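**Q** Residue numbers (this note's numbering): 400 to 806. Note that the Cβ used here is the ideal one computed from N, Cα and C, for glycine as well. As the structure is a prediction and not an experimental result, all values here were calculated from the model.
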Ligand code: FAD
Ligand code: UDP
């Protein structure tokens, strides 16, 4: 496709970018160019087989879960699912306790007799199958419920949150710890969503299938900042700076015939799913993020731990260990595990900003960037980085579907 024929440029090939590109191409017949900085598609959901043949998630464990039939049906066009319900345990001393803290955890901690009494009390107060954020439970005026809340706070939340965010649970946005509320039920699953599972052939394959369209061209290994600039309300692109070697095979090609070494206006829609502060050259300062270091280890044993994810909520420097074969049900002689070490994002080489640190100050800082971008009528910010939000896969797919409809 000749570069002059693109109706839309999408920066980033994670779920945000892939969804907008796919819908605009397939439903609206638009010609879409996807530009991706990394050497692969699927963003942080990228997975691959390691040298031992085990499917690993390079940027942290990803489990798909949603209550949205619309999102589930949409993604099911591109994958079949491995039926997996995620369960997590916390290693506390020598014990593995179900997380989120639920009525089974209560029994393990308090024993049969005492837990029966407390169970009745919790159900009476909050109702069965309800979810109570830990910061809410701590406010209870019942001393026994307060004692449970203190146990959960100390043994599940405090140290894990200190490792993950460098702050105490009460110092961070309550929505964050609210993602893992105390569950007044016997359900050991981490998510209670109607649909959950893993893409049968992996997330990378799923996203590749989304982008396999005769009007989508994907270019890898290309930082959009090296080929574009924003000026006076206009998106300017220097097409000659795109290297044809980086065009992903299997979909539309790219024809740069007629491109010269100059910045020319791009009048189509420009969807950006990377960090918004970088798009504007950090002019209002760098937005704060947390990053992670992932340490992989292969173990020559069939199994390492009792669940796919074990959270280390009171000990160790890492937050959790993932054992990948337990996510995908792979049957292999050995096993690959990964430890996650959170730290402050310094924009050092190779570091990736994973988690926006949402608070009043940082959100206001983000607003400055978003307001500036609003002066560019054909630029749209979408995604976990671009919107400085804590989106799950389903939420960002839904947001992208909505944006694609309105464009
Ligand atoms: P990303 O996946 O980050 O994609 C953005 C893309 O833009 C990247 O590929 C990036 O390389 C590219 N890009 C950035 N800047 C540029 C540039 N200048 N030029 C070109 N390309 C650029 N969600 C769940 O639902 N379930 C889970 O279990 C789950 N686990 C998670 C675990 C971790 C450790 C993390 C960090 C997140 C997890 N999530 C999970 C959230 C999930 O990763 C996000 O919802 C999803 O990846 C968001 O997609 P996105 O497209 O917005 O962002
Ligand atoms: N959390 C915790 N202990 C746990 C699990 C979660 O303290 O065992 C807190 C922690 O602050 C974490 C937040 O709850 O950042 C949200 O957890 P979630 O598992 O949703 O985080 P993610 O998978 O997105 O990293």
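Beta carbon of residue 480, beta carbon of residue 601: below 8 Å?
**A** Cβ distance not < 8 Å, so residue 480 and residue 601 don't count as in contact.
**Q** Considering only their Cβ atoms, is the gap separating residue 689 from residue 753 smaller than 8 Å?
**A** Result yes, Cβ atoms of residue 753 and residue 689 sit closer than 8 Å.
**Q** Would you be able to state if there are at least three C-beta pairs under 8 Å between the region 406 to 424 and the region 671 to 689?
**A** A contact exists between the region 671 to 689 and the region 406 to 424.
**Q** By DSSP's criteria, residue 583 is part of a beta bridge. Which residues make up the other side?
**A** Answer is 529.
**Q** Can you tell me the Cα-Cα spacing of residue 503 and residue 412, whole angstroms?
**A** Approximately 40 Å, taken between the alpha carbons.
**Q** Should residue 747 be labelled buried (16 or more other beta-carbon atoms within 10 Å of its own) or exposed?
**A** Label assigned to residue 747: exposed.
**Q** Could you tell me which uninterrupted beta strand (DSSP E) segments, each at least 3 residues in length, are contained entirely in the region 585 to 617, listed from first to last along the chain?
**A** For the region 585 to 617, whole beta strand (DSSP E) runs of length 3 or above, ordered along the chain, are 594 to 598.
**Q** Just the Cα atoms here: how many angstroms apart are residue 536 and residue 692?
**A** The straight-line gap from Cα to Cα measures roughly 32 Å.
**Q** In the region 745 to 791, which residue ranges form an unbroken beta strand (DSSP E) of at least 3 residues, counting only runs that do not cross its ends?
**A** Segments of the beta strand (DSSP E) lying fully in the region 745 to 791: 778 to 780.
**Q** Does the separation of the CB atoms of residue 436 and residue 621 fall below 8 Å?
**A** The answer is yes: Cβ separation under 8 Å.
**Q** Can you list, in chain order, the residues of its chain with a C-beta nearer than 7 Å to that of residue 491? Leave out the 5 residues immediately preceding and following it.
**A** Contacts found: 554, 712 and 713.
**Q** Using a Cβ-based criterion (distance less than 7 Å to any ligand heavy atom), does residue 480 qualify as near the ligand UDP?
**A** Answer for residue 480: no, Cβ out of range of the ligand UDP.
**Q** Have a look at residue 736 and residue 447 and give me their C-alpha separation to the nearest angstrom.
**A** If you take the alpha carbons of residue 736 and residue 447, they lie about 14 Å apart.
**Q** Would you mind reading off the limits of the beta strand (DSSP E) that contains residue 456?
**A** It spans 454 to 456 - the beta strand (DSSP E) in which residue 456 sits, taken as one unbroken run.
**Q** Return the chain-ordered list of same chain residues with a C-beta closer than 7 Å to the C-beta of residue 576, the five sequence neighbours on each side being excluded.
**A** 532, 533, 534, 556, 560 and 568.
**Q** Measure the C-alpha to C-alpha separation of residue 574 and residue 787 and round it to an integer number of angstroms.
**A** Going from the Cα of residue 574 to the Cα of residue 787 covers about 14 Å.
**Q** Looking at residue 785: is its Cβ nearer than 8 Å to the Cβ of residue 423?
**A** Cβ distance not < 8 Å, so residue 785 and residue 423 don't count as in contact.
**Q** Which term fits residue 514, buried or exposed, when burial requires 16 or more other beta carbons within 10 angstroms of its beta carbon?
**A** Buried, because 16 or more other Cβ atoms sit within 10 Å of the Cβ of residue 514.
**Q** So, using beta-carbon positions, are residue 679 and residue 765 closer together than 8 Å?
**A** Against a cut-off of 8 Å, the Cβ pair of residue 765 and residue 679 comes out as no contact.
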